[in-house]
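So the mapping is simple: this note's numbering equals the position in the sequence shown, first residue as 1, plus 36. Heads up, the beta-carbon is just placed ideally off N, CA and C, and yes, glycines get one too. The block underneath contains the structure these notes are about, expressed in structure tokens.
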Amino acid sequence: MLSLGPMLPRFERAFAERLGVGDAVAVSSGTAALHLAVRELGWGAGDEVVTTPLSFIASSNCLLFEDALPVFCDVDPVTLTIDPAAAEAATGSATAGLLPVHIFGWPAAMGRIEEIAEARGIGVLEDAAQALGTVCDDGRQAGARGNPAAFAFYANKQMTTGEGGMLVPSGPEWAAAARSERNQGRAPNMKFMDHDRLGFNYRLTDLQAAIGIAQLERLDELLAARSEVAAAYGERLAELGAAPAGEGDPGDLVLPASDRGKERRSWFVYVVRLPTGADRDGVIGELDSRGIDARPYLPCIHLSDLYRELLGTREGQFPVAEEFSRRSLALPFYPGLPEASIDRVVGELADILGRDSRS
């Protein structure tokens, strides 16, 4: 059986056990998981949801699918996750919820976010697409806090099924609804062509589920390998004078935030901030000419043509997110990246920035 076969519930059970949650529903993508979570929370026309402009665009598009509107707020300058104070200031009479993103595998300030939501009687959706293995400041895993949460298994994630995602619902009723909605609105006990609700083709194949089971069995190994690559980058860049996140001057190369207190980062990508004034696109082009693939990561959602037209957003509204986006540079990153390759990337980057600073 290629779809909804015996491997699927095995994968879901293994994932739920890994997170320590009651249930998990496998779907075709992280975007599908986000969409079903929005439906679980009942967000729709007339509702506003406060979220970050610094994420992959699916984090806000999932709201548009149900005619809810994202309301963006700025991010913390160190962690790059949603700034709780800014989120609270962005709430209003139409606010139906908060959608924090554990960006780049760093945990959002969930304790404070949940306090804001509880005080206002609104829901929380965790976008944990980049954060499998991330631990929040209270020692609890991202996506395992009782809020609906979405994970993704795209090829560059901490574990992969090629394409795929997982919804962690807030309870059994919502798990049953999601299992129906992922299969065109057909309940598991219904006849083949009977449907009792609006649904979608969000099924994960049995082949993908089998891959997911194998990946979960190796997850600790995969996460450790990513951490080793991140540590190697950090050591070499620090030797060249790169500043820790939250420190240094505007002219410094800045490292990504690392573990602090109970917070544990699950390394998804390795993104540095170039010195202010550096020609980021020029640096990328020069690295490319030397055979090194580096990219800007991420563009701000509110500056995309779609959201400029839809919401009237403009440059300058969220200066912290925008400044990071302008300076961001994602370096080659995958588990098992050889140390010789890391040395070469860092050496070439240092050479390019040295030339840039003298120009």
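Are the CB atoms of residue i and residue j nearer to each other than 8 Å?
| i | j | result |
| --- | --- | --- |
| residue 73 | residue 155 | no |
| residue 158 | residue 128 | no |
| residue 140 | residue 338 | no |
| residue 241 | residue 65 | no |
| residue 386 | residue 276 | yes |
| residue 281 | residue 289 | no |
| residue 221 | residue 239 | no |
| residue 43 | residue 246 | yes |
| residue 374 | residue 258 | no |
| residue 68 | residue 204 | no |
In whole angstroms, what separates the C-alpha of residue i from that of residue j?
| i | j | result |
| --- | --- | --- |
| residue 48 | residue 216 | 15 Å |
| residue 297 | residue 167 | 18 Å |
| residue 110 | residue 41 | 43 Å |
| residue 191 | residue 248 | 12 Å |
| residue 362 | residue 321 | 15 Å |
| residue 193 | residue 390 | 32 Å |
| residue 326 | residue 382 | 12 Å |
| residue 377 | residue 354 | 36 Å |
| residue 113 | residue 312 | 14 Å |
| residue 287 | residue 160 | 37 Å |
| residue 344 | residue 197 | 34 Å |
| residue 237 | residue 229 | 14 Å |
| residue 380 | residue 71 | 41 Å |
What does residue i pair with, by DSSP beta-bridge criteria?
| i | result |
| --- | --- |
| residue 106 | 85 |
| residue 39 | 241 |
| residue 353 | In the DSSP output, where bridge partners are listed per residue, residue 353 has none listed. |
| residue 364 | 309 |
| residue 163 | 137, 186 |
| residue 202 | 62, 187 |
| residue 12 | Outside the displayed span of the chain (37 to 395) sits residue 12, for which this structure offers no information. |
| residue 219 | 237 |
| residue 111 | 118 |
Report the CB separation of residue i from residue j in whole angstroms; it is logged as a contact under 8 Å.
| i | j | result |
| --- | --- | --- |
| residue 188 | residue 165 | 4 Å |
| residue 170 | residue 293 | Not really, about 12 Å apart at Cβ, beyond 8 Å. |
| residue 202 | residue 255 | Rounded, the Cβ-Cβ distance is 13 Å, inconsistent with contact. |
| residue 95 | residue 137 | 5 Å |
| residue 84 | residue 130 | 4 Å |
| residue 98 | residue 143 | Not really, about 20 Å apart at Cβ, beyond 8 Å. |
| residue 291 | residue 274 | 7 Å |
- prompt: Is it a yes or a no for the segment 165–181 touching the segment 298–305, going by three-plus beta-carbon pairs under 8 Å?
  reply: Two segments are said to touch when three or more pairs of C-beta atoms, one from each, lie closer than 8 Å; by this definition the segment 165–181 touches the segment 298–305.
- request: Determine contact between the segment 254–269 and the segment 87–99, defined as no fewer than three beta-carbon pairs at a distance below 8 Å.
  value: No: the two stretches stay apart, fewer than three of their Cβ pairs being nearer than 8 Å.
field: the segment 99–109 contacting the segment 141–153, beta-carbon criterion three pairs below 8 Å
entry: Two segments are said to touch when three or more pairs of C-beta atoms, one from each, lie closer than 8 Å; by this definition the segment 99–109 does not touch the segment 141–153.
- prompt: Quick check: the segment 326–334 against the segment 352–367, are there 3 or more CB pairs under 8 Å?
  reply: When Cβ pairs closer than 8 Å are counted between the two stretches, the segment 326–334 is seen to touch the segment 352–367, the count reaching three or more.
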